[in-house]
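Structure record follows, encoded as structure tokens.
Residue numbers (our numbering): 63 to 220.
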């Protein structure tokens with residue numbers, strides 16, 4: 063009888079240890095997922111401004127040599143149809159910049175549009191370069207920091 067009770071106690075102890083290990087692994091996975099989500103925002107910002115820059119270039123070429131509709135040009139992109147539909151993909155100053163850009167597309171004659179697009183080209187390029195640098199610099203940092211925080215929490219709880 064006592065050997066059965068001792069075996070049950072040992073089995074329960076092993077089960078308890080396994081559950082604890084699983085919980086610690088879940089904490090590490092959860093904090094790493096938070097880091098991935100934080101880096102996804104940086105990636106999206108970089109992708110939106112890269113698309114906006116390419117869209118601006120295609121608009122310039124279209125105004126000079128072709129006469130496609132704006133929606134046809136935007137159809138080749140992932141984010142541009144949503145932006146043209148008025149959806150706000152980025153918040154804060156970036157969202158205002160994009161909405162102001164879109165408000166002025168297609169509201170005047172070709173020569174004025176070409177001047178406007180050339181003027182906005184530098185501002186878009188600056189934001190595209192900045193967002194690309196921020197993504198390269200901080201995206202892996204967020205993931206690594208979140209992983210380290212998860213490991214720290216797991217060690218403290220162990």
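Note that CB positions come from ideal geometry on N, CA and C, so glycine has one too. As the structure is a prediction and not an experimental result, all values here were calculated from the model.
Worksheet item: Among 209, 168 and 172, which residue has its Cα nearest to the Cα of residue 98?
Response: One-based indexing of the chain shown puts residue 98 at position 36. For the residues 209, 168 and 172, the minimum Cα distance to residue 98 belongs to 209.
Counting Cβ pairs closer than 8 Å, one from the segment 117 to 127 and one from the segment 88 to 97, do we hit at least three? no
Original post:
Excluding five sequence neighbours on each side, which residues of the same chain lie with their C-beta closer than 6 Å to the C-beta of residue 215?
Top reply: One-based indexing of the chain shown puts residue 215 at position 153. Same-chain partners within the cutoff: 89.
Burial state of residue 142 (16 or more Cβ within 10 Å): Start at 1 with the first residue of the chain shown, and residue 142 comes out as number 80. Taking all protein chains shown into account, residue 142 has 16 or more neighbouring C-beta atoms within 10 Å of its C-beta and is therefore buried.
Taking only beta-carbon atoms, is residue 102 less than 9 Å away from chain B?
No chain B appears in this structure, which consists of one protein chain only.
Whole-number beta carbon distance between residue 176 and residue 125, since they are thought to touch under 8 Å:
Residue 125 sits at position 63 when you count from the first residue of the chain shown. Residue 176 sits at position 114 when you count from the first residue of the chain shown. Going by Cβ atoms, the distance from residue 125 to residue 176 rounds to 5 Å, so yes, they are a contact pair.
As assigned by DSSP and simplified to three states, the class of residue 171:
Translated into the one-based positions of the chain shown, residue 171 becomes position 109. Residue state, collapsed to three classes: coil.
Does residue 138 come out as helix, strand or coil in the three-state DSSP assignment?
For the purposes of this step, residue 138 is taken as the residue at position 76 of the chain shown. Coil at residue 138, not helix or strand.
For residue 111 and residue 166, I'd like the C-alpha separation in whole angstroms. One-based indexing of the chain shown puts residue 111 at position 49. One-based indexing of the chain shown puts residue 166 at position 104. Cα-Cα distance, rounded: 17 Å.
For residue 199, the three-state DSSP class (helix, strand or coil): Translated into positions along the chain shown, residue 199 becomes position 137. In the three-state DSSP reduction, residue 199 falls in the helix class (H, G or I).
Q: Drop a sphere of 10 angstroms on the beta-carbon of residue 145, count the other beta-carbons inside from all chains shown, and report buried for 16 or more, exposed for fewer.
A: In the chain shown, counting from the first residue as 1, residue 145 sits at position 83. Only buried fits residue 145, as 16 or more other CB atoms lie within 10 angstroms of its CB.
Item to complete: Decide yes or no for the touch test of the segment 149 to 161 against the segment 70 to 84: beta carbon pairs closer than 8 Å, at least 3 of them.
Response: no
Leaving out five residues on either side along the sequence, give the residues of the same chain with a beta carbon under 7 Å from the beta carbon of residue 172. Residue 172 sits at position 110 when you count from the first residue of the chain shown. Same-chain partners within the cutoff: 125.
| Inter-stretch contact at 8 Å, needing at least 3 Cβ pairs: the segment 185 to 202 / the segment 101 to 109 | Yes: the two stretches touch, three or more of their Cβ pairs being nearer than 8 Å.
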